[in-house]
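Number of protein chains: 2
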Amino acid sequence: MSYPSALEKLIKALGKLPGIGPKTATRLAFFLLFSPKEEVSHLAKAMLEAKEKIGRCSRCGYLAEDSLCAICQDPKRDRSLLCVVQDPRDVAVLEKAGAYKGTYFVLHGALSPIEGFGPEELHIPRLLKLIEEEKIKELIVATNPNVEGDATALYLSRQARPLGVKVTRIAFGLPVGGDLEYADALTLSRALEGRREI
Amino acid sequence: MSYPSALEKLIKALGKLPGIGPKTATRLAFFLLFSPKEEVSHLAKAMLEAKEKIGRCSRCGYLAEDSLCAICQDPKRDRSLLCVVQDPRDVAVLEKAGAYKGTYFVLHGALSPIEGFGPEELHIPRLLKLIEEEKIKELIVATNPNVEGDATALYLSRQARPLGVKVTRIAFGLPVGGDLEYADALTLSRALEGRREI
Numbered sequence: 098m099s100y101p102s103a104l105e106k107l108i109k110a111l112g113k114l115p116g117i118g119p120k121t122a123t124r125l126a127f128f129l130l131f132s133p134k135e136e137v138s139h140l141a142k143a144m145l146e147a148k149e150k151i152g153r154c155s156r157c158g159y160l161a162e163d164s165l166c167a168i169c170q171d172p173k174r175d176r177s178l179l180c181v182v183q184d185p186r187d188v189a190v191l192e193k194a195g196a197y198k199g200t201y202f203v204l205h206g207a208l209s210p211i212e213g214f215g216p217e218e219l220h221i222p223r224l225l226k227l228i229e230e231e232k233i234k235e236l237i238v239a240t241n242p243n244v245e246g247d248a249t250a251l252y253l254s255r256q257a258r259p260l261g262v263k264v265t266r267i268a269f270g271l272p273v274g275g276d277l278e279y280a281d282a283l284t285l286s287r288a289l290e291g292r293r294e295i
Numbered sequence: 098m099s100y101p102s103a104l105e106k107l108i109k110a111l112g113k114l115p116g117i118g119p120k121t122a123t124r125l126a127f128f129l130l131f132s133p134k135e136e137v138s139h140l141a142k143a144m145l146e147a148k149e150k151i152g153r154c155s156r157c158g159y160l161a162e163d164s165l166c167a168i169c170q171d172p173k174r175d176r177s178l179l180c181v182v183q184d185p186r187d188v189a190v191l192e193k194a195g196a197y198k199g200t201y202f203v204l205h206g207a208l209s210p211i212e213g214f215g216p217e218e219l220h221i222p223r224l225l226k227l228i229e230e231e232k233i234k235e236l237i238v239a240t241n242p243n244v245e246g247d248a249t250a251l252y253l254s255r256q257a258r259p260l261g262v263k264v265t266r267i268a269f270g271l272p273v274g275g276d277l278e279y280a281d282a283l284t285l286s287r288a289l290e291g292r293r294e295i
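Quick note, the sequences are listed as chains A and B, same order. Counting in the working numbering, the first sequence runs from 98 upward without gaps. Counting in the working numbering, the second sequence runs from 98 upward without gaps.
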């Protein structure tokens, strides 16, 4: 016996969160125990509500509280441009950058035979159907610059090109504000590969 | 707009936890979003239940689900020994060490005029009454070895000694398994001060 059982239970439940070890879980549990009741129930409610309300957009697979996400519902977005990303968080990052005015398609993963992620799991048949039905003009593949992301990009371009859509890949190279000296070899070779006339 | 409002709300609520910045809060929120529903409601329930069920022991101030905590309810504990600590977590640490068979008194703080913690806030009048009523033989002061903790220990000894109780302070010195070379000056001077004949 060290803590009351309700506290032990809370510490154990918090310890299941990613990156939260037993010490942090204990610290968080004590914080909650000594927080005002309204704040604790606010957090508990926020967790349950997010879980309950948020589903996937039926068009693009991004997070949505309705059948369509806020981006797909927005009449100002260019629906002839489709940007393919691996993760819903990527959409948020691109939206924050504010440089893109088209719509998205979220794969929820990348091709990975080891993890059992094939074209079906990534909703690629649905993506191809969407390209045909909505007469998408350009498919911008913004999967991650690693083996799985590149393989997915290659697969997508092979599948989508026959449908008459232009398939592009976002550029990889030196990050703006970066320093040549600190760039890794792969990034440097990608930057050289993608060089443009000035 | 970047995330659905229910998710933004959850990220904001998680970000209020200590040591959880916006990035970690987002990571945790996504983890919860993609966790099975039962796990999320289990965590939410654990939070609410801990908050609801756990109060303070009416005798010692430690965490308790009933009016008395498990330690004060235990007939095997020596009720003539009382160990004074600053924080409920200190009780758990001492219990884990398993070297103490008496009962506790939790101050929930230490004397600190700046933070507005006087004897009243630390329940010291109640402690003195308990010493008299239960005829406590020894009061072991285990407040932290810092300015506030030492001041509290001094204050307690002055208040409690006239009641005929023996007041002791836990020993400070080198941690077992430690190395003289790495000990700080204060710990070393305390270790010298507390030297014993062998």
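Beta carbons: idealized from backbone N, C-alpha and C, even for Gly. Computed from a predicted structure; not experimentally measured.
Spatial neighbours of residue i in its chain, beta-carbon cut-off 7 Å, leaving aside the 5 residues before and after
| i | result |
| --- | --- |
| residue 185 (chain A) | 159, 160, 203 |
| residue 245 (chain B) | 207, 208, 209 |
| residue 291 (chain B) | 268, 269, 270 |
| residue 214 (chain A) | 206, 207, 208 |
Anticipated Cβ contact below 8 Å, residue i with residue j, distance rounded
| i | j | result |
| --- | --- | --- |
| residue 114 (chain A) | residue 269 (chain B) | The Cβ separation is near 36 Å, so there is no contact. |
| residue 199 (chain B) | residue 227 (chain B) | The pair is not a contact, with the Cβ atoms about 13 Å apart (cut-off 8 Å). |
| residue 130 (chain A) | residue 148 (chain B) | 7 Å |
| residue 225 (chain A) | residue 256 (chain A) | 6 Å |
| residue 288 (chain A) | residue 266 (chain A) | At roughly 14 Å, the Cβ-Cβ gap does not stay under 8 Å, so residue 288 (chain A) and residue 266 (chain A) are not in contact. |
| residue 229 (chain B) | residue 191 (chain B) | Not confirmed; about 24 Å, so no contact. |
| residue 156 (chain A) | residue 165 (chain A) | 6 Å |
| residue 237 (chain A) | residue 181 (chain A) | 7 Å |
| residue 110 (chain B) | residue 143 (chain A) | 4 Å |
Min CB distance residue i to chain B below 8 Å
| i | result |
| --- | --- |
| residue 182 (chain A) | no |
| residue 139 (chain A) | yes |
| residue 116 (chain A) | yes |
| residue 209 (chain A) | no |
| residue 99 (chain A) | yes |
| residue 161 (chain A) | yes |
| residue 165 (chain A) | no |
| residue 150 (chain A) | yes |
| residue 156 (chain A) | no |
| residue 193 (chain A) | yes |
| residue 124 (chain A) | yes |
| residue 143 (chain A) | yes |
| residue 196 (chain A) | no |
| residue 186 (chain A) | yes |
| residue 239 (chain A) | no |
| residue 127 (chain A) | yes |
| residue 248 (chain A) | no |
| residue 268 (chain A) | no |
| residue 110 (chain A) | yes |
| residue 288 (chain A) | no |
| residue 336 (chain A) | In the structure as shown, chain A begins at 98 and stops at 295. Residue 336 (chain A) is therefore absent and cannot be evaluated. |
Cβ shell of residue i (< 8 Å), same chain only, five flanking positions each side left out
| i | result |
| --- | --- |
| residue 252 (chain B) | 208, 216, 221 |
| residue 170 (chain B) | 163 |
| residue 137 (chain A) | 129 |
| residue 219 (chain B) | 204, 205, 206, 207, 208, 249 |
| residue 118 (chain B) | 112 |
| residue 195 (chain B) | none |
| residue 123 (chain A) | 108 |
| residue 173 (chain A) | 198 |
Cross-strand partners of residue i (DSSP beta bridge)
| i | result |
| --- | --- |
| residue 175 (chain A) | A:199 |
| residue 147 (chain B) | Residue 147 (chain B) pairs with nothing; no bridge assigned. |
| residue 265 (chain B) | B:237 |
| residue 160 (chain A) | A:153 |
| residue 214 (chain A) | A:209 |
| residue 181 (chain B) | B:202, B:238 |
Own chain, CB closer than 6 Å to residue i, minus 5 neighbours either side, in chain order
| i | result |
| --- | --- |
| residue 234 (chain B) | 177 |
| residue 107 (chain B) | 126 |
| residue 175 (chain A) | 198, 199 |
| residue 271 (chain A) | 280, 288 |
| residue 103 (chain B) | none |
| residue 240 (chain B) | 183, 207, 246, 249, 250 |
| residue 141 (chain B) | none |
Interface flag, residue i vs chain A, CB-CB below 8 Å
| i | result |
| --- | --- |
| residue 121 (chain B) | yes |
| residue 212 (chain B) | no |
| residue 202 (chain B) | no |
| residue 219 (chain B) | no |
| residue 106 (chain B) | yes |
| residue 153 (chain B) | no |
| residue 134 (chain B) | yes |
| residue 277 (chain B) | no |
| residue 130 (chain B) | yes |
| residue 189 (chain B) | yes |
| residue 280 (chain B) | no |
| residue 146 (chain B) | yes |
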